[in-house]
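Working notes, beginning with the structure itself.
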Amino acid sequence: MARVFIAVEPAEEMRNRLEEAGMLLSGSNARLTLPTANQMHITLKFLGEVQESKIQNIAAALEKVRSAPFSLTAARVSTFGRRVIKAEVTDQGCCADIARQIDEYLLPLGFPKEARPFTPHITLARIKEYTPDLADKTEILQNREFGTCQIGEILLKQSTLTSKGSIYSTLARVRL
0 MARVFIAVEP
10 AEEMRNRLEE
20 AGMLLSGSNA
30 RLTLPTANQM
40 HITLKFLGEV
50 QESKIQNIAA
60 ALEKVRSAPF
70 SLTAARVSTF
80 GRRVIKAEVT
90 DQGCCADIAR
100 QIDEYLLPLG
110 FPKEARPFTP
120 HITLARIKEY
130 TPDLADKTEI
140 LQNREFGTCQ
150 IGEILLKQST
160 LTSKGSIYST
170 LARVRL
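To convert, note that position 150 of the sequence shown is 149 in numbering that gives the first Met the number 0; the numbers rise steadily by one, no gaps.
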């Protein structure tokens, strides 16, 4: 079994800026888990534990997705629920459209459609223990812009959980 998700990955320069924002958040007294620049992505669909024998079929289903490469902008830091600090993403609805197509093409493989509305974002920090000074750090980043980049591929990723955090590897790349 493999823990699998489907994502798009911003350009390295944008990921580095996002990582710097996460480092600013870590200056608070809150207990946070921060992704590294190499771990930053926009999840289109989380599949969970998947039998290795299904990986090829999932990759083949992703080949059916139709989208041109698109621009993505990351800006504005806010919270997502009570446990996530995120950078908001604008992309003219492209990620949402791709996520909808992924839902359609993976349904015959036994993966249910996502019930929640899709909100593209990039996680800057996961909050393990909140302290009031974290709100001050988040407010500093509230209107920060992280840039715009081109997205030209969808990634099928594996997440391996370790005591030091998740390690991501790419199982398949599908060009848009």
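C-beta: ideal position from N, C-alpha, C; glycine also.
If you follow the beta strand (DSSP E) that residue i is part of, which residue opens it and which one closes it?
i	result
Arg-75	69 to 79
Ala-10	Note, Ala-10: premise wrong, no beta strand (DSSP E); not H, not E.
Glu-113	Careful: Glu-113 lies outside any beta strand (DSSP E) and carries neither H nor E.
Quick test of your reading: residue i and residue j, contact by CB under 8 Å. State the CB separation rounded to the nearest angstrom.
i	j	result
Ala-124	Leu-33	5 Å
Arg-174	Leu-154	Wrong, their Cβ atoms sit about 11 Å apart, outside the cutoff.
Asp-132	Ser-27	5 Å
Met-39	Leu-23	The pair is not a contact, with the Cβ atoms about 15 Å apart (cut-off 8 Å).
Glu-48	Met-13	Rounded, the Cβ-Cβ distance is 30 Å, inconsistent with contact.
Ile-150	Val-88	Actually they are not in contact, since the Cβ atoms of Ile-150 and Val-88 sit about 10 Å apart, beyond 8 Å.
Could you spell out where the alpha helix (DSSP H) holding residue i opens and where it closes?
i	result
Arg-172	Careful: Arg-172 lies outside any alpha helix (DSSP H), inside the beta strand (DSSP E) at 164 to 174.
Considering only residues of the same chain and omitting the five flanking positions on each side of residue i, which have a CB-CB separation below 7 Å?
i	result
Arg-82	Arg-125, Ile-126
Can you list, in chain order, the residues of its chain with a C-beta nearer than 8 Å to that of residue i? Leave out the 5 residues immediately preceding and following it.
i	result
Glu-128	Ala-29, Arg-30
Val-64	Ile-97, Gln-100, Ile-101, Tyr-104, Ile-153, Val-173, Leu-175
Glu-62	Val-173
In whole angstroms, what separates the C-alpha of residue i from that of residue j?
i	j	result
Leu-140	Thr-35	18 Å
Phe-79	Cys-93	20 Å
Asp-90	Ile-5	17 Å
Leu-106	Ile-121	25 Å
Phe-69	Val-76	22 Å
Thr-161	Asp-135	31 Å
By Cβ distance, which residues of its chain are closer than 6 Å to residue i, with the 5 residues on each side in sequence left out?
i	result
Thr-72	Thr-89, Thr-147
Ala-60	Tyr-104, Leu-105
Thr-159	Ile-166
Length at least 3, wholly inside the region 115 to 161: the beta strand (DSSP E) runs in chain order: Taking only runs of at least 3 residues, the beta strand (DSSP E) segments lying wholly in the region 115 to 161 are 120 to 128, 144 to 150, 152 to 161.
Residue ranges of each alpha helix (DSSP H) within the region 13 to 76, 4 or longer: Fully enclosed alpha helix (DSSP H) runs of 4 or longer: 54 to 61.
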